[in-house]
Every structure is written in structure tokens, then in C-alpha cells.
Amino acid sequence: MTATSSVPDLITPTWEYAPAPEARDVVTIRPSHGLFIGGEFVDPADGGSFATISPSTEEHLAEVALAGPRDVDRAVAAARKAFTGWSKLSGTERGKYLYRIARLLQERAREFAVLETLDNGKPIRETRDVDIPTAAAFFFYHAGWADKLDWAGLGPNPRSLGVAGQIIPWNFPLLMLSWKVAPALACGNTVVLKPAETTPLTALLFAEVCQQADLPPGVVSIITGAGETGAALTAHDDLDKIAFTGSTAVGKSIQRQVAGSGRRVTLELGGKAANIVFDDAPIDQAIEGIIDGIFFNQGHVCCAGSRLLVQENVHDLVVDRLKQRLGTLRLGDPLDKNTDVGAVNSAAQLERITALTDTGEAEGATRWELDCPLPERGFWFRPTVFTDVGQSSRIAQEEIFGPVLSVLSFRTPDEAVAKANNTPYGLSAGVWTEKGSRILWMADHLRAGVVWANTFNRFDPTSPFGGYKESGFGREGGRHGLAAYLEPAEVDA
Amino acid sequence: MRPPTDRLADALHRALLPLLESELPLLESDMTSLVLPGEADLSEVTASGSALRRFLHGLPGVDQVGVEKRAATLATRSIKRASKVQALELAIGMVDLTTLEGADTPGRVRSLCAKARIPAPGYPDVPSVAAVCVYPDMVATAVDALSGTGIHVASVATAFPSGRAHLDIKLADTRNAVADGADEIDMVIDRGAFLAGRYGQVLDEIVAVKNACGDAHLKVILETGELATYDNVRRASWLALAGGADFIKTSTGKVSPASTLPVTLVMLEAVRDHAALTGEIRGVKSAGGIRTTKDAIRYLVLVNEVAGAAWLHPDRFRFGASSLLNDLLMQWHKQATGRYWTSNRVTID
Numbered sequence: 094m095t096a097t098s099s100v101p102d103l104i105t106p107t108w109e110y111a112p113a114p115e116a117r118d119v120v121t122i123r124p125s126h127g128l129f130i131g132g133e134f135v136d137p138a139d140g141g142s143f144a145t146i147s148p149s150t151e152e153h154l155a156e157v158a159l160a161g162p163r164d165v166d167r168a169v170a171a172a173r174k175a176f177t178g179w180s181k182l183s184g185t186e187r188g189k190y191l192y193r194i195a196r197l198l199q200e201r202a203r204e205f206a207v208l209e210t211l212d213n214g215k216p217i218r219e220t221r222d223v224d225i226p227t228a229a230a231f232f233f234y235h236a237g238w239a240d241k242l243d244w245a246g247l248g249p250n251p252r253s254l255g256v257a258g259q260i261i262p263w264n265f266p267l268l269m270l271s272w273k274v275a276p277a278l279a280c281g282n283t284v285v286l287k288p289a290e291t292t293p294l295t296a297l298l299f300a301e302v303c304q305q306a307d308l309p310p311g312v313v314s315i316i317t318g319a320g321e322t323g324a325a326l327t328a329h330d331d332l333d334k335i336a337f338t339g340s341t342a343v344g345k346s347i348q349r350q351v352a353g354s355g356r357r358v359t360l361e362l363g364g365k366a367a368n369i370v371f372d373d374a375p376i377d378q379a380i381e382g383i384i385d386g387i388f389f390n391q392g393h394v395c396c397a398g399s400r401l402l403v404q405e406n407v408h409d410l411v412v413d414r415l416k417q418r419l420g421t422l423r424l425g426d427p428l429d430k431n432t433d434v435g436a437v438n439s440a441a442q443l444e445r446i447t448a449l450t451d452t453g454e455a456e457g458a459t460r461w462e463l464d465c466p467l468p469e470r471g472f473w474f475r476p477t478v479f480t481d482v483g484q485s486s487r488i489a490q491e492e493i494f495g496p497v498l499s500v501l502s503f504r505t506p507d508e509a510v511a512k513a514n515n516t517p518y519g520l521s522a523g524v525w526t527e528k529g530s531r532i533l534w535m536a537d538h539l540r541a542g543v544v545w546a547n548t549f550n551r552f553d554p555t556s557p558f559g560g561y562k563e564s565g566f567g568r569e570g571g572r573h574g575l576a577a578y579l580e581p582a583e584v585d586a
Numbered sequence: 043m044r045p046p047t048d049r050l051a052d053a054l055h056r057a058l059l060p061l062l063e064s065e066l067p068l069l070e071s072d073m074t075s076l077v078l079p080g081e082a083d084l085s086e087v088t089a090s091g092s093a094l095r096r097f098l099h100g101l102p103g104v105d106q107v108g109v110e111k112r113a114a115t116l117a118t119r120s121i122k123r124a125s126k127v128q129a130l131e132l133a134i135g136m137v138d139l140t141t142l143e144g145a146d147t148p149g150r151v152r153s154l155c156a157k158a159r160i161p162a163p164g165y166p167d168v169p170s171v172a173a174v175c176v177y178p179d180m181v182a183t184a185v186d187a188l189s190g191t192g193i194h195v196a197s198v199a200t201a202f203p204s205g206r207a208h209l210d211i212k213l214a215d216t217r218n219a220v221a222d223g224a225d226e227i228d229m230v231i232d233r234g235a236f237l238a239g240r241y242g243q244v245l246d247e248i249v250a251v252k253n254a255c256g257d258a259h260l261k262v263i264l265e266t267g268e269l270a271t272y273d274n275v276r277r278a279s280w281l282a283l284a285g286g287a288d289f290i291k292t293s294t295g296k297v298s299p300a301s302t303l304p305v306t307l308v309m310l311e312a313v314r315d316h317a318a319l320t321g322e323i324r325g326v327k328s329a330g331g332i333r334t335t336k337d338a339i340r341y342l343v344l345v346n347e348v349a350g351a352a353w354l355h356p357d358r359f360r361f362g363a364s365s366l367l368n369d370l371l372m373q374w375h376k377q378a379t380g381r382y383w384t385s386n387r388v389t390i391d
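Chains as they are written, first to last, in my numbering: chain A, 94 to 586; chain B, 43 to 391.
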């Protein structure tokens, strides 16, 4: 229409969205938290505690009990005691408890979402729309398996393993809890779970849900602490199974620790996933997928698409479009419902991201970052894109675990596969092309536990998740995930 | 001289290049200050049927799952307080207040025009709507009722809604509406020809109608509910833009589904990319099925975040709707006074 339109003048140079914060008072944070052992909250034997803060404001949220070896003992003993009853319970009955937990997670979803956002720094949009609903979905899914374990692929009457020690990371606190606890319980095991020291609060709220669901005491115990607590747990003699999600370095030390003990282990470790964009990709959606791949959850995702491999003939196009689209990302208050990018989880992680990105520049890559103001307090890092990245560069090889994308190019499908697989990791990969046959060929050749086609970072309880190479072993989710918590009937434990 | 196919590929590539800066000028009179990657015109892609087909089928595909997810994510934006008032006033000014019924009478059209001029008597902050949209035989009545108001009179034409008539009839339909004073024409494309792959025919019709429009602005209705796939929506969008559409419009409102968020998203991408390619800013009109303020605000969020803030203007984005206006007014009143109007306070026109 013409500029001389007589329509009343409504010219709007910008349309700023007013702040739309989620109400914080839906959750009450107790000033101090005990350990959840044997169905109740107890004080730690040695009386220690540590603080957990909100990474977006550095506000002190609560004091959390520090579990020492004696607390680990108590928790494992409670789990051992509970195991007999729990494993003998019929699958139908176990399923009822899991359904109850799943429903309670849904009913209290807002509370969990706000608490997770406060403690982790991730946007409320993600906790509300991804973390909490997916966590509930994992409980629903595994509740359904509890009375159908004969079809888990291990023959009739598979047996539970016993007591599982589980250690989870800070990037998806409640979701990782659900990946660990739901299959373990469905298969008749009892668990001692240690959440990460920077994000313990939703696990402790989950402990309240266990009480609310009348879960028998000791079936789930939650002990809080940092690396030493974790090491005390994995070193405990009376565990039958260790499940760990976290860094490759810690995973390796756990593996060394349990060598020869006969204890079962699954490890879900780091990644340096390739997100591969061919020239016939649906470009607009590929841009979204690149953003979901590396800027979702501030890049704190083990399967993040941190290496963008673009076919060289569309390299400039994709990079230009990506930058333009990144310009619309909204970084800031994680409790604001319109925030796309939240805070980095901790000062230590921010330091690591900063150090690695500085290396990227020093090694000759070209740095671009989102031009946006950062909040004064808290731990923040601007979404960053590196171009002119060599395959040998540290930012192309090492896991940064932050909102940092390294862009590399390739010429042919063979080269794409070779470059994608040229990493010590092998957790995930993405393929963007409208050509179905190429998707299948790529999926066959990529050494990665998950290959997403024309999408990225999608999680579903029915789909097994896990790694190749230094990304770990064992699968979580789907029928395959059950095998991590069961053994065939004829084998004596 | 490089072969035409190369230049086509270049044109396409440029079409995909983003605008160099995200800030677009707000008025077309400022267009000269735009830094553009290229000032291609689409004449070479429309030079022959085969060139046109190569161009349309060379556009990048649209992944259904991805585009629907993006639209759903943007629909979670939470628009509150001042930004909501701004959105409401913007949306009211973007409405093409529409009546397209067999039972339309001059009385009905006059009543609608009165509403269009002053949607909320006693509240001067509430703007007029952008246009009143009627069948061609009601244009004279609407023009008369709206004279001196600056509100546009839009007329559907070209054997709306099916478009199944001979070209001469479609052109006569258009000319009559223009002669009666319509300054906006909403034409329908020949979906049959499009689905049969006769893109040249679709284009020729658009060009012919555009010529018949004279100075009247042309909105080209794609009827996306009949095109079915997002790839088709993208191709039809470019086809219409190449044919000279001032606006591309989703639907007639007579076919279900009418406008949807993901379809509008794909069309907004087309006008955004077209602007980057040619320097010309064209508009999008979403029509049919948009009844609530909540829906309207979701569309505005799409416009803002997909095409850019420059499209937040009645000359760049429209809602084709009838019942939407009343809901916008109720919500506006709530924001302005803190109280909801009862439905009895909102007029039935």
C-alpha cells in the first residue's frame, strides 16, 4: 500500500514486549534442606552444609546439607533395606506409584518450573515447556513398563539389579533425575541419587513428591553434595549399579574406580555433536535447528550441536541468516516468559566458556557475538558464533558446554561424515536435507548415539539416548534403557 | 553474458540473503536508504513457463515439523500491559472489516462502515480499521458510507471465492469494483491451475488482474487451505509477488483451514526475502478463523519476529476478519479501564 495512506498513523518503530515474569511466589524455598534418607529429611551426620544460589542474580536461595561418607552409608543401607519389598512388589503396584509421581509432577509443574529456573538459570519457557513436562513423561512412560518387563527383550521374568547409585548433572536437573529414577524404579531397583551441587533444589522438591506419593521409605534417597559426596557414593561397596551423567573426565574416574567390582555401570558423558546442513536443506528450519541445537539451555547440553558443518556452497548464506536470526533472541531474566537465553549455571562454568572462547580467537577463528546488554549481576555469556574454524582448533574439538557455535564447512557427504566422526565423542548428530535417502545414508555412517534428521535436541521417553566412544555407554529411555536396570532371570547376580 | 539459469540461481541466492541490517525503514518513501544486497527484479524468472517452474521449484523446501514448531514457540510469547495496549491498537487499525455473505444488504454494509469509522464511540484513542471488505456489488454503498474517512474500500473480485470463471469475467469483475470506487482488490488465484503445475497461467492471470486494478492495490489470495503443503504456500507466495501483488493473502475464509500461524509464517518469510531481493516491501493479510485478541497478538508476534518490526503497520499487515474486532474492543476496554465490557456493550453490526 502507499505511504500516503490515510489510515491513522500507527507507525510503530519497535514493539517492546513488557516484562512478563512468571510469579515467583508459587514456590516456597525452605531456608535449609536436610538429606532425604529412608523416606524422611534428616540432618547430615557431620552437620555440614553449602549454599545454592540463583545464577541469574547471585541471590542466595538456600542452605543445603552436605552429605559425607556416613550419610552415604545410611542412604545405601536404607535403599538396601527397601529393595527386598520394592523388588517383590508386583509390576502393577510399582506402576501405580510411578503414575502417582508422574501426576504429581504435572500438578506441581509450575512450582517445579519456577524452582528449576531459579536454581539453574535457564529460561522459564524451557522449564515450563520442556524440562518439567518431559520429566513427567518419563515417569508416565516407565510406569507403563513396570508390569510389562517380560517384553523388555531380556526374556521372561527379568530381575532387578538391586541398589543403584545415581549421579546427575546441573544442566537438566529434574529431567536427568527422571531419566535415572523412573527406569530404575520401574524395574524394581531402589536408588540413592545425588543431584549436582549447583542445582539441588528440584531434586529435594522431588523428595517431597515421593513422600506425597507414599513411596515406601528408602526406595528413593536423595543426598546432596559436590564431587566428594559423589565419589563416596560411587565408591560404596553395597551398590549393584552406578549410573552417571556428567563430564567425560569424571566418567573415566568412575570407570577406573569400579573396575573389577562386577558392578554394573552406565555413563552418559560429553559430546561435540555435528549439526550437518546440506545445500538442499529447508534453510529457514535449519536455522531454527542450529539455534535449538546450540543456544537451547545456554548450550549446556551434552548432545548440543556445537559444531555446525555447512556445505560450502551455502556457507555464507547460512551464516548470514543465522546471525540475523540470532539478533532476535531475547537474553535476560530467566523468569520472564519471553526470555530465550538465560544465565550460565555457575561462575566456574562461565570461566571455562570464557577461557575456551578466548582460545578460539587466539587460534585464528573469527568471533561474532550477539550485540545485547548483559544483566549486571549473575553469570552471563553472549551467544557466540565462530567462523573460519579449523578442524584442529580446540573450539572444534573440546566440549565448551556453553552458547558457543563453531562453524566448519564440507564439500561432499563423505567429507561431512568424516569430519562429523572425527571427534573423541559420539553422542548425537543432526542432518539437514530434504533428500530422504541421504538422511538414511548419513544415519548409517554417523558414529553417534542419536541422529536427528531435520530437527535437533528433541527428547522423548520412547527413544533410547546414549553415546559412542568417549560419550559413554548404555542407553536411557525406550526399551533399550530398561536393560540398564535389569538382568535376565537365569543369571545369578 | 551468463546463461539465464545462472542469473536465476543468483537471484534465488540473493532472495535468500538476509536483509543486511535488521532495521528496515518504516515507510516506502524511505526505501531508497535501504542497503540491499541486490536490486534484482523478478522479470527474468517470469520470462517463460520453464524459468518460472525452475525458480519456484528451486526455492528451499519448508519442513513441516520445523515450521509448525517455530510458530508454536512464538505463540508462547506473553504480551502484557503497555505492549498489549500497543498491540490492540495496532491490530484494530489492521482489520479489514469484512462481510461476504449472500445475504449482504446495503443496510448491513452501512452498519459495518459505521463501525469501521468509529469502532468505539467515546474512546478517541481507538483507531479506525484499515478497510471494509465487501463483494463487488456492495462497493458503491461502502464507498458512499466511508467517503472522507480515509478508510479503504476493499472488494473481493475474480469470481471469489472459487475463481472458477473465464478470465474476461474475472477482469470485468475487477474493473467494475474499481469503477465503483474500490481502492483495494482481493483476487483469488486459480488453485486448479497451480496444482496442475500451470504456473504461467496463474501468473498471467495475476498480471492481468493487476493491470485491471489500475491504481487500486492488489491482494492476491492463495487459498492456502487448498494448496495444502507449505512448499506450495511458499511457491504461490513468490508467484503472486512476481505477478505484482501488493499483498499476499492466506484465504478466502470460505475454505477450512483458513489462516494458520505456520502458513502466515511462511508467507512472512516470502515478503521478507522478497524485500531483500528487490527492495520492495509487500504486505501479508491473514484472513479467516482469527476471532480472538489472543490469536491476533500471536500473529503480530510472528510479524514482529519473522518479518521484522517494519511490517507492524496496516500498510504491511492486515487481518481479514469480522468477529475479531469486537473481541479486540473488549480487550482494549479492559486494558484502558481495568474492567471488562459485557458482551451487551459491544455492538452487533
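Virtual Cβ for every residue (Gly too), placed ideally from N, Cα, C.
Values in this document were obtained by computation on a predicted structure and should not be read as measured data.
Short CB-CB distance (under 8 Å) between T118 (chain B) and chain A: yes
Within 8 Å, strictly: CB atoms of T459 (chain A) and Q490 (chain A): no
I need the boundaries of the alpha helix (DSSP H) containing D385 (chain A), first residue and last residue. 376-387
Among residues of its own chain, excluding the 5 on either side of T191 (chain B), which ones have a beta-carbon nearer than 7 Å to its beta-carbon? R159, S170
Cβ of G100 (chain B) within 7 Å of any heavy atom in the ligand HEM? Of the ligands one can find in the structure shown there are none, so the ligand HEM has no counterpart to examine.
Name, please, each residue of chain A whose Cβ falls closer than 7 Å to the Cβ of D105 (chain B). P375, Q378, N547
Does any residue of chain A have a CB that is nearer than 8 Å to the CB of K327 (chain B)? Under the 8 Å criterion on CB atoms, K327 (chain B) is classed as non-interfacial with respect to chain A.
Test item: CB-CB of A84 (chain A) and E569 (chain A) under 8 Å: Absent from the model: residue 84 (chain A). The displayed extent of chain A is 94 to 586, so no value can be given.
Measure the C-alpha to C-alpha separation of S189 (chain B) and A224 (chain B) and round it to an integer number of angstroms. Their Cα atoms are separated by approximately 11 Å.
For E186 (chain A), report the span of its alpha helix (DSSP H) as first-last. From DSSP, the alpha helix (DSSP H) with E186 (chain A) extends over 184-200.
Please confirm whether I290 (chain B) has its beta-carbon closer than 8 Å to some beta-carbon of chain A. no
In chain A, which residues lie less than 7 Å from I121 (chain B) when you measure between Cβ atoms? Y110
Report yes if the CB atom of G184 (chain A) is closer than 8 Å to the CB atom of A239 (chain A), and no otherwise. yes
Of all the alpha helix (DSSP H) runs that stay within the bounds of the region 284-356 of chain A, which reach a length of 4 or more residues? Fully enclosed alpha helix (DSSP H) runs of no fewer than 4 residues occupy 294-305, 320-327, 341-351 of the region 284-356 of chain A, in order along the chain.
What are the start and end residues of the beta strand (DSSP E) that includes N253 (chain B)? Premise fails: N253 (chain B) lies in the alpha helix (DSSP H), 241-255, not in any beta strand (DSSP E).
Within this structure, are the beta carbons of A363 (chain B) and V137 (chain B) separated by less than 8 Å? Yes, they are a contact pair.
Provide the residue span of the beta strand (DSSP E) that contains F129 (chain A), from first to last. 128-130
Members of the region 220-238 of chain B near chain A, C-beta cut-off 7 Å: Correct list: empty, as no residue qualifies.
Taking the alpha-carbon of R203 (chain A) as reference, which of A:G523, A:R117, A:H235 has the nearest alpha-carbon? A:R117
Buried or exposed, going by whether 16 or more other CB atoms sit within 10 Å of the CB of G587 (chain A)? Only positions 94 to 586 of chain A appear in this structure, which leaves residue 587 (chain A) out of reach.
For the alpha helix (DSSP H) that contains T216 (chain B), what are its first and last residues? 209-221
Would the region 244-253 of chain A and the region 291-301 of chain A be scored as touching if the rule is three or more Cβ pairs under 8 Å? no
Within the region 311-369 of chain B, note down every full alpha helix (DSSP H) run reaching 4 residues or more, in order along the chain. 335-344
Could you run through the region 412-436 of chain A and flag, in chain order, every residue whose CB is less than 7 Å away from some CB of chain B? Cβ contacts with chain B come from D413, R414, Q417, G420, T421, K430, N431.
Between L354 (chain B) and chain A, is there a C-beta pair that is closer than 8 Å? The beta carbon of L354 (chain B) falls within 8 Å of a beta carbon belonging to chain A, placing the residue at that interface.
Less than 8 Å between the beta carbons of L267 (chain A) and E209 (chain A), yes or no? The answer is yes: Cβ separation under 8 Å.
Less than 8 Å between the C-beta atoms of I211 (chain B) and A201 (chain B), yes or no? yes
According to DSSP, is M395 (chain B) helix, strand or coil? Nothing can be reported for residue 395 (chain B): it is not among the residues displayed for chain B, which extend from 43 to 391.
8 Å Cβ cutoff, P102 (chain B) in contact with chain A: yes
Contacts around A138 (chain A), its chain only, beta-carbon distance under 8 Å, and the 5 residues preceding and following it disregarded: G161, R163, D164, R167
So that I know if they touch, is there some Cβ in chain B lying closer than 8 Å to that of R218 (chain A)? yes
Interface flag, E347 (chain B) vs chain A, CB-CB below 8 Å: At least one C-beta of chain A is nearer than 8 Å to the C-beta of E347 (chain B).
Beta carbon proximity, Q128 (chain B) to chain A, threshold 8 Å: Judged by the 8 Å Cβ criterion, Q128 (chain B) is in contact with chain A.
Compute the Euclidean distance between the alpha carbons of T121 (chain A) and H538 (chain A), then round it to the nearest angstrom. 50 Å
Please list, in chain order, all residues of the same chain as H329 (chain A) whose beta carbon is under 7 Å from its beta carbon, the five residues on each side excluded. V165, V169, G258
Distance, Cα to Cα, P506 (chain A) vs P102 (chain B)? 19 Å
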